[in-house]
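Student: The first sequence begins at 1 in this note's numbering and counts up by one.
By construction, the Cβ of each residue, glycine as well, lies at the ideal position given by its N, Cα and C atoms.
Quick one: the structure is below, and I'll ask about it shortly.
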Amino acid sequence: MGRPIQFIIATMQLQNLVQRFTSDIVGEEQFEKMLVKSSADNKPLRVKFGIDPTFTDVHLGHSVPIRLLRAFQDHGHLPVLIIGDGTARLGDPTGRNEQRPALTAEDVARNSATYLDQIGTILDLDPAKCEVRHNSEWFGGMNFFDALKLASQSTAARLLERDDFKKRMQQNQAVHLHEMMYPLMQGYDSVMVESDVELGGNDQLFNLHMGRRMQERAGQRPQICMTTPLLLGTDGRKMSKTYGNHVGLNAGSNDMYGKIMSLSDDGMPLWFQLATTMRDDEISQCLAGHPRQAKDALARNITSQIHGDDAANAAAEAFVQQFVKNKIPDEINECIVGESAMKLASLLKEAGLVASTSEARRLLKDGAVKVDSESQSDPNWLVELSATDAVLLQIGKRRMINVRCASS
RNA sequence: GGGGAGAUACCGAAGUGGCCAAACGGGGCGGAUUGUAAAUCCGCUGGCUCUGCCUACAGAGGUUCAAGUCCUCUUCUCCCCA
């Protein structure tokens, strides 16, 4: 029985995308066979991706595997999205030199709620097209003996091979026993959802392997592991909220465009490859031109994926006004304070532009502060406020706000 | 269980009785420059009612005119031996 031509084309498309978005594939030989069988049996592949609700923002770095997941979805396969509300309780040590604090059940619940919204900007979460699971479903009911059984699935030596653990051991840093359970938990997720393929960032390779091994032990067909390259942050380091170099999927269009524009030139090729919808030839063309133009195209493409073309164009325009022409943006947040006159240093704090009056004083001394576009340096200057005409406070190019006082 | 080392600001790391709100590096934030950047140069980087005062060097006590620095206990981490 011959394969329909559509299937061959679709498979090639999918494989091209897989190519573009992956750095490592474990079990690549079996992947094509799996695709063929899936088509023959009319049974979509179960493609797993897990994310722990350990923080509130999902960023573009996380979006790379999600985009690949979307590609699978578009080709008729079934994303199995695991919200790691069980694993998050443990604190994922991945890529860190110190363990993440274990979160409380409330933290996790709150974060989980915002996750699906953000992921939904990329993935189609229609229950008919996507399976969403929370791993507390199986970890929540485990008792200590179940956990021991889980622990017996691997060995200390094997777990210590993990790069992150190895490094910390070498640096005489603590590796706690419960952290070593993490790969086992992630692997067990694969067993529970019977995944055919698992996606993850390339720092996840160890954990993905664990899923394969555990599935084999459980008598299942071992999953294909695909890792995506890590999208670097705007400063060239690993994208991470703690570095402040991330672009959140829930960022507003202006913010998103602006942050991407602050990416260093060197970072562009990787971003084009992993975060845009552009074809390879379009990308090459962009990169051959002026870096400013290329970055604009990059930022527009990504921003419009999330916010739409109009918002992206508006963001680009606003950016030029604010940062290239140094103009004050059209829309500025406004705040209202209780008093009709305040010392400048206190006012800056009251308006939320700085964390403390000490910081305000320093910035004033540095000449960073403008009031109604005039540089000011005296922290004790008494600023008169009115209820109708706002006073514009500015610190640098980015921090600005209009202030009025409450009408009495 | 025994022995040893250690815990300093956002991070790394100096400091072993006064000159310590704490060197130095990174990060961050401002300023100059620019193509939005990057690089470079300069400045800042605990708080306040700010030429002074208050709170800080794991935690709690103590010695001293004076403690990040000395003593005691507690907590946590690492290493070696069992």
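#1: Nearest to Asp41 by CA position, among Gly27, His77, Leu17, is which residue?
#2: Starting from Cys410, follow the beta strand (DSSP E) in both directions and report where the run begins and ends.
#3: Quick check on this structure: which residue in Phe7, Leu17, Leu45 has the alpha carbon closest to the alpha carbon of Ile224?
#4: For Lys238 versus Leu230, is the C-beta distance shorter than 8 Å?
#5: Does the pairing of the stretch 348-359 with the stretch 290-299 give three or more beta-carbon distances under 8 Å?
#6: Need the endpoints of the alpha helix (DSSP H) that Leu249 sits in, please.
#7: Which residue comes first and which comes last in the alpha helix (DSSP H) that contains Val80?
#8: So the candidates are Leu17, Ile5, Ala10; which of them puts its Cα closest to the Cα of Thr410?
#9: Suppose the cutoff is 7 Å on Cβ atoms and the five residues either side in sequence are ignored; what does the same chain contact list for Val175 look like?
#10: Return the first residue and the last residue of the alpha helix (DSSP H) that Lys349 is part of.
#11: Taking the Cβ atom as the reference point for each residue, do Phe49 and Pro79 lie within a distance shorter than 8 Å?
#12: Measuring only the C-alpha atoms, how far is Tyr182 from Gly141?
#13: Provide the residue(s) that pair with Arg133 in DSSP beta bridges, ordered along the chain.
#14: Less than 7 Å between C-beta atoms, sequence neighbours within five positions excluded: which residues of the same chain meet that for Met1?
#15: Please tell me whether Ala411 and Pro329 are closer than 8 Å, where the distance is taken between their beta carbons.
#16: Give the secondary structure of Lys327 by DSSP, where H, G and I count as helix, E and B as strand, and everything else as coil.
#17: Using 10 angstroms around the beta-carbon of Phe145, count the other beta-carbons present and answer buried if the total reaches 16, otherwise exposed.
Tutor: Taking the coordinates as given:
#1: His77
#2: It is not possible to answer for residue 410, since the shown part of the chain is limited to 1 through 408.
#3: Leu45
#4: yes
#5: no
#6: Per DSSP, Leu249 belongs to no alpha helix (DSSP H) and is neither H nor E.
#7: Run containing Val80: none in the alpha helix (DSSP H); it sits in the beta strand (DSSP E), 78-83.
#8: No information on residue 410 is available, as it lies outside the stretch 1 to 408 that the chain covers here.
#9: Phe165, Arg168, Met169
#10: 344-350
#11: yes
#12: 17 Å
#13: Ile82
#14: With a pLDDT of only 46 at Met1, under 50, the local geometry of the prediction cannot be trusted, and no value is derived from it.
#15: Nothing about residue 411 can be read from this structure; the chain reaches only from 1 to 408.
#16: coil
#17: exposed
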